[in-house]
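Asks: In the order they appear, the protein sequences are chains A and B.
Position 14 of the first sequence, counted from 1, bears residue number 14 in UniProt numbering, the numbering being contiguous throughout.
Position 120 of the second sequence, counted from 1, bears residue number 120 in UniProt numbering, the numbering being contiguous throughout.
By construction, the Cβ of each residue, glycine as well, lies at the ideal position given by its N, Cα and C atoms.
Take a look at this one; I'll ask things after.
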Amino acid sequence: MTIVIGFEGSANKIGIGIVRDGEVLSNPRRTYITPPGQGFLPSQTAKHHRGVILTVLKEALQEAGLKPADIDCVAYTKGPGMGAPLVTVAIVARTVAQLWDKPLLGVNHCVGHIEMGRLVTHASNPTVLYVSGGNTQVIAYSERRYRIFGETIDIAVGNCLDRFARVIKISNDPSPGYNIEQMAKKGKRYIELPYTVKGMDVSFSGILSYIEEAAEKMLGSGECAAEDLCFSLQETLFAMLVEITERAMAHCGSQEVLIVGGVGCNLRLQEMMGIMCEERGARLFATDERFCIDNGAMIAQAGWEMFRSGQQTELSDSWVTQRYRTDEVEVTWRD
Amino acid sequence: MSAKGDSSAVLSYLSGLTLLKQGAEARVYRGQFLGKAVIVKERFSKSYRHPALDEKLTHRRSVQEVRSILRCRKAGILTPVVYFVDYVSHCIFLEEIVGSVTVRDHINSTKLSEAGNERLKLLAEKMGQILAKMHDEDVIHGDLTTSNMLLRKGSEDREPDLWLIDFGLSYISSLPEDKGVDLYVLEKAFLSTHPNTETLFQILLKSYVASSKKSSTVISKLDEVRLRGRKRSMVG
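And the structure:
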C-alpha cells in the first residue's frame, strides 16, 4: 500500500489531494477569483495560496482520515506554471516533508493531468488533448515519453477564452470559461472567425485580436449579442481542437481520446469530440470538473506512479520551474 | 476539370470503390477510373462542426489541394496527377502512386543498421531539396509529416522517388514566416513520430538551406518560431 499526498498551485487554483493505490481519499481545493475584466497576477495569486494552504492541508488529511505518519511520499508541482504560486506551494511541501520525515517528489503538472485522466477513465493508451488556461497540446505516449504531436504556436485556448471574457466583462466566478459556456448555449448567430490549423498545430492569437475588435464594433452597433460571440468563439476554437486531435489519431493510428485540463470540462467540447470519435469508431474518455481542473490528487497520482517506479527528489533538487515541457519527463512507470 | 451541379453520379461511382482508410478529414478510396489506378479523396461533412464552418473549410481545402498540386507539378515536384474534381461532393480523383510506402513506415522499418542509416541520410537530404523547391515556388504545404510523403522505387540503380501528398491545408505565400512555420510543423511531427532522429532532421535542414534560394530568412524565422514555442509550456 502506497499513500501519496500531492500539492498543486501552479495557477489560480490551490489543491491538496491524497491518493492510495488508485483511490482518491481526499481532494480539497480553493480558487483565487478576480473581479470581471481582470486576470490573476502572480504575486496576488501567491498571496491567496499562502492564506489558505494550511487550511486546505488540514482538510485533506481530515477528509482522508489519515495522520501524517500514514503518508509515504510528498509530491508537489515542480512546473510549469506561475513562479510565485509555484514557490509558495513548494515551500510548504518541502517543509512538511521534513517535519514528517518523508521523501519528496517534484511532478510535471501536465503529466499529472494525464495520469489523473488515465486513472479516472481507465483509458489505456489514449491520444491526449490537454487544454487549459496555459496549455494546449495533443499528446501521445511512445518510447518512455509523452510526446507532443500538436500544440498551440502562440497562446493557449483557455487563455484565449479568458481574455475574451475580460474584454466583454464576463464574471470570473466560478471561472470565465464556465460562464462563456453557459452564454454560448443561448447564442443563435454564427459569426465567421479566422480558423488557423497548421498541421497538428493551432494558433489562437489572431482569433483573439479579431474577436476583440469585432466585439467592440458589433456589440456597440447591436449587430449581434454577446451570447452569439461566445457561441461562435467556442464553435471555432473547439472545431480546431477536434480537428488536430483527429489528425494526431490518424497519424498515430490511435482509437482512444482522453481530454484533460480545465477547458476539458466544457460539455460542448466533449460533445464535439464525441461525434468525431463516433464517426471513426473511436472511444472518448473525459472527466468532470473535479479532476479536469487543476487539483492536488492529480499531482499525488503522478507522484504515486513515479514513487512506485523508484523516483524521489532530493531536498537540494526540490526547485520549481516556470517552463517544463511535457516531453522532458522520462516516463519510468509505463512500458 | 470540375463538375458543378449534380454529384449523384460521383457518389454512386464511389460506392463501387474500396474504402482504403478514413483519414483525419477525408475518406480515401481506391479503384479504377477510365482505365487508370485512382485514389479518390472524399472530404465528407464533419457533423461535429457548425455547418457554415464545415462548408467553408471543406470547399476551401479541396480548391487549395488541387491548386497546390498543379503548382508543384509545374515546378517538377512529384505529386499525384489530378484526374477529376467534383466540388459538390468534394471529391478529388488522384493518380495512385502504385507500389509506394509512406516515409514514416520506411523510417520505422529501416532503423538501426549501418547501411540503413546511410540510406536514411540520403532520404533526409532529398526531403530537404524537395521542400526547398516547393517553398521557392511559394507553396506552403501546411501539414508536413512523414505520413504525407511517399517513396516509390524508381529503376534498379536509382534512389527511390519522393512524392508529396495531402495538400489540404496548403496555401500560396511568399512570407518567410509561413515557410518557417511549415518547417516547424514538420520538425515537431518528425521528432515526435520518430524519437531520437535529431541528426536526421538536421541533415534535412542543411540540405534545405543548400538547395533553397531564399533559405536564410526562412531559417531565421524557424528559429524565432521555435523560441515562441518554448514559451508555450509556461502556465497550466
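Our contact map puts A/G296 next to A/F7 with C-beta atoms below 8 Å; I'd like the distance itself, whole angstroms only.
Replies: Here the question's residue 296 of chain A lines up with position 296 in the first sequence. Here the question's residue 7 of chain A lines up with position 7 in the first sequence. About 6 Å; that satisfies the 8 Å criterion.
Asks: Report the partner residues of A/S142 according to the DSSP bridge assignment.
Replies: Looking up residue 142 of chain A in the first sequence gives position 142. Looking at the DSSP assignment, A/S142 forms a beta bridge with A/R145.
Asks: Give me, in chain order, the residues of the same chain whose beta-carbon lies closer than 7 Å to that of A/A248; leave out the 5 immediate sequence neighbours on both sides.
Replies: Sequence index remark: in the first sequence, residue 248 of chain A carries index 248 (1-based). T127, V138, A140, F149, G150 and M200.
Asks: Within 7 Å of any Cβ in chain B, is that where the Cβ of A/H251 sits?
Replies: Working through the first sequence from its first residue, we reach residue 251 of chain A at position 251. True, the Cβ-Cβ gap to chain B drops below 7 Å.
Asks: Give a yes or no on whether the minimum CB-CB distance between A/R280 and chain B is below 7 Å.
Replies: The residue you call residue 280 of chain A lines up with position 280 of the first sequence. Yes, its Cβ sits closer than 7 Å to a Cβ of chain B.
Asks: Which residues in chain B have a C-beta closer than 8 Å to the C-beta of A/G15? List them in chain order.
Replies: Counting from 1 along the first sequence, the entry for residue 15 of chain A is found at position 15. Simply none; closest approach about 13 Å.
Asks: Please indicate yes or no: does the CB of A/V157 lie closer than 6 Å to some heavy atom of the ligand ATP?
Replies: Among the components modelled here there is no ligand, and therefore nothing to report on the ligand ATP.
Asks: Output, in chain order, the set of chain A residues within a Cβ distance shorter than 9 Å of B/Q22.
Replies: Counted from its first residue, the second sequence places residue 22 of chain B at position 22. Per Cβ cutoff of 9 Å: A250, E279, R280 and G281.
Asks: Does any CB atom of chain A fall closer than 7 Å to the CB of B/V185?
Replies: To locate residue 185 of chain B, count along the second sequence from 1; it is residue 185. Answer yes: the Cβ-Cβ gap between B/V185 and chain A drops below 7 Å somewhere.
Asks: With distances taken between CB atoms, is the gap from B/A180 to B/L222 smaller than 7 Å?
Replies: Taking the second sequence and counting its residues from 1, one reaches residue 180 of chain B at position 180. Taking the second sequence and counting its residues from 1, one reaches residue 222 of chain B at position 222. Correcting the residue identity first, residue 180 of chain B is Gly in this sequence and not Ala. Taking 7 Å as the Cβ cut-off, B/G180 and B/L222 qualify as a contacting pair.
Asks: Within its chain, find whatever has a CB closer than 6 Å to the CB of A/P103; leave out the 5 residues flanking it on each side and keep chain order.
Replies: Your numbering for residue 103 of chain A matches position 103 in the first sequence. So the list reads C73 and Q312, once near-sequence residues are dropped.
Asks: Secondary structure at A/C110, three-state DSSP: helix, strand or coil?
Replies: Mapped onto the first sequence, residue 110 of chain A falls at position 110. Note: A/C110 maps to helix in three-state DSSP.
Asks: Name the residue from A/V89, A/Y190 and A/A84 whose alpha carbon lies nearest to the alpha carbon of A/T77.
Replies: Stepping through the first sequence from its first residue, residue 77 of chain A is reached at position 77. With distances taken between Cα atoms, A/T77 lies closest to A/V89.
Asks: Please report the straight-line C-alpha distance between B/L20 and B/D86, rounded to a whole angstrom.
Replies: To locate residue 20 of chain B, count along the second sequence from 1; it is residue 20. To locate residue 86 of chain B, count along the second sequence from 1; it is residue 86. Approximately 19 Å, taken between the alpha carbons.
Asks: Using a Cβ-Cβ cut-off of 6 Å (strictly less than) and excluding sequence neighbours within five positions of A/W319, which residues of its own chain qualify?
Replies: If you number the first sequence from 1, residue 319 of chain A lands on position 319. Result list for A/W319: empty, nothing under 6 Å.
Asks: By how many angstroms is the C-alpha of B/R27 removed from the C-alpha of A/M272?
Replies: The count along the first sequence starts at 1 and reaches residue 272 of chain A at position 272. The count along the second sequence starts at 1 and reaches residue 27 of chain B at position 27. Straight-line Cα distance between these residues: approximately 19 Å.
Asks: What's the gap between the Cα of A/M183 and the Cα of A/L161?
Replies: Translated into positions along the first sequence, residue 183 of chain A becomes position 183. Translated into positions along the first sequence, residue 161 of chain A becomes position 161. Their backbone Cα atoms lie some 13 Å apart in a straight line.
Asks: So what's A/S26 in DSSP terms, helix, strand or just coil?
Replies: On the first sequence, residue 26 of chain A is found 26 positions in, with the first residue counted as 1. In the structure shown, A/S26 sits in a strand (DSSP, three-state: E or B).
Asks: Taking 7 Å as the threshold (C-beta atoms), are B/D136 and B/S212 in contact?
Replies: Position 212 of the second sequence holds residue 212 of chain B. Position 136 of the second sequence holds residue 136 of chain B. The answer is yes: Cβ separation under 7 Å.
Asks: Measuring only the C-alpha atoms, how far is B/K4 from B/A75?
Replies: Counting from one through the second sequence, the residue named residue 4 of chain B turns up at place 4. Counting from one through the second sequence, the residue named residue 75 of chain B turns up at place 75. Confidence in B/K4 is poor, its pLDDT being 49 and thus under 50, which makes the residue's placement unreliable; the coordinate value appears in the next sentence. Rounded to the nearest angstrom, the two C-alpha atoms are 29 Å apart.
Asks: Can you grab the Cα-Cα spacing for the pair A/R166 / A/Y324, in whole Å?
Replies: The sequence position of residue 166 of chain A within the first sequence is 166, counting from 1. The sequence position of residue 324 of chain A within the first sequence is 324, counting from 1. One C-alpha to the other measures close to 27 Å.
Asks: Quick one: grab the DSSP three-state call for A/F291.
Replies: Counting from 1 along the first sequence, the entry for residue 291 of chain A is found at position 291. Helix, per DSSP.
Asks: Taking the beta strand (DSSP E) that residue 261 of chain B falls in, what are its first and last residues?
Replies: No answer is possible for residue 261 of chain B: the residues shown for chain B start at 1 and end at 236.
Asks: Quick one: is A/A75 near chain B, going by C-beta distance under 7 Å?
Replies: Within the first sequence, residue 75 of chain A is the residue found at index 75, counting from 1. For A/A75, the answer is no, since every Cβ of chain B falls outside 7 Å of its Cβ.
Asks: DSSP has A/M183 in a bridge; who is on the other side?
Replies: Stepping through the first sequence from its first residue, residue 183 of chain A is reached at position 183. In DSSP, A/M183 forms no bridge with anything.
Asks: Where do the N-terminal and C-terminal ends of the alpha helix (DSSP H) with A/L61 fall, by residue?
Replies: For the purposes of this step, residue 61 of chain A is taken as the residue at position 61 of the first sequence. Per DSSP, A/L61 belongs to the alpha helix (DSSP H) from P42 to A64.
Asks: Between the segment 204–220 of chain B and the segment 169–185 of chain A, do at least 3 Cβ pairs fall closer than 8 Å?
Replies: In short, these stretches do not touch, since the Cβ pair count stays below three.
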